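Residue numbers (our numbering): 37 to 244.
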Ligand code: BMP
C-alpha cells in the first residue's frame, strides 16, 4: 500500500471496528500503546490485531528495560501478531533475535525532550550499531529528520508530532521520514475519514 500514514490509536471516540474498517484504504499501519491497552486490555488489543491483519501493527510501549525482560515482552508481542515494536535506545540494547521490526526512539516531538535531543547523535549511533530496522524522530524537528536520514540512509523513519503537536502534514516526509504517525487530528475530528483523506492528499501532493 502506498500510504505513509500510521494511525496512533490512542483515544478512539467511536466504535473501534468502525474506525478500523473505514480507514483501511488510507492508513498503512496502526500504533497502539498504553492509552488503548488501559482502555480495552491486552485481550482487546490482541483481538483487533488479529481481526485486522491488513494493517501494519506497532506496539508502542517504548521499552526501556533489561534485555531478558525486553526479550520476554517481544515474544509476547510476537504471539499477539504485532509487526513492529518501539524501544528506547538510551538504555543500550543487545541485538534481539525477534521476528518483530524493532523501532528505536532517537528523537521525540515534545519540547521537553531535551535530554533525548542533546543525545540525538549518540542515539543514532546506537541505532546504527544495532542495525535497527526503524527509528522514531519527531516531526516538530525536521532538521533532526534530515540529519537522521543523512546518517542512516536505509533506516525507516517514523515521525509523530503532526497536526495536534504543530507540524504540518507532509512536512516530515518532505524532510526524509518514511511515515507520519498521526492520532488526534484524525480521531478527534468529527469526520475521521475526511480528516485522514485530507492528510493523505497533502502527503501525496508533497511527495509524489
Ligand atoms: P498525536 O498525533 O495525537 O499527537 O499522537 C502522536 C502519537 O505519537 C502518540 O501516540 C504519542 O505517544 C506518539 N509519540 C509522539 O507524539 N512523540 C514522540 O516523540 C514519540 C511518540 O511515540
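Glycine included, C-beta positions come from ideal geometry on N, C-alpha and C.
Just so you know, these numbers come straight off a predicted model, no measurement behind them.
### Message
Applying the 10 Å Cβ sphere with the 16-neighbour rule, what's the burial state of residue 151?
### Response
The residue you call residue 151 lines up with position 115 of the chain shown. Under this definition residue 151 is an exposed residue.
### Query
Any chance the CB of residue 172 is under 7 angstroms from a heavy atom of the ligand BMP?
Translated into the one-based positions of the chain shown, residue 172 becomes position 136. Yes, the beta carbon of residue 172 sits closer than 7 angstroms to at least one heavy atom of the ligand BMP.
### Task
Please confirm whether any heavy atom of the ligand BMP lies closer than 7 angstroms to the CB of residue 153.
Residue 153 sits at position 117 when you count from the first residue of the chain shown. No, the Cβ of residue 153 stays beyond 7 angstroms of every heavy atom of the ligand BMP.
### Query
Between which two residues does the alpha helix (DSSP H) carrying residue 159 extend?
The residue labelled residue 159 in the question sits at position 123 within the chain shown. Per DSSP, residue 159 belongs to the alpha helix (DSSP H) from 156-165.
### Beta-carbon proximity list for residue 124, same chain, < 8 angstroms, skipping 5 on both sides
For this step, residue 124 is matched to residue 88 along the chain shown. Only 98, 99, 100, 140 and 141 meet the Cβ criterion.
### Query
Among 72, 64 and 42, which one has its Cα closest to the Cα of residue 51?
As a working note, residue 51 is residue 15 in the chain shown. Answer by Cα proximity: 72.
#### Entry: Enclosing alpha helix (DSSP H) for residue 107 [first to last residue]
Taking the chain shown and counting its residues from 1, one reaches residue 107 at position 71. First-last of the alpha helix (DSSP H) with residue 107: 103-115.
### Query
Which stretch, first to last residue, makes up the beta strand (DSSP E) that contains residue 216?
The sequence position of residue 216 within the chain shown is 180, counting from 1. Run containing residue 216: 215-218, per the beta strand (DSSP E) assignment.
### Query
Closest Cβ-Cβ distance between residue 158 and chain B: below 8 angstroms?
Protein chains in the displayed structure number just one, and chain B is not present.
### Query
Can we count residue 1 as close to the ligand BMP, meaning its CB is less than 7 angstroms from some heavy atom?
Residue 1 falls outside the range modelled here, since the chain spans only 37 to 244, and no answer is possible.
### Task
List the endpoints of the continuous beta strand (DSSP E) containing residue 177.
Translated into the one-based positions of the chain shown, residue 177 becomes position 141. Careful: residue 177 lies outside any beta strand (DSSP E) and carries neither H nor E.
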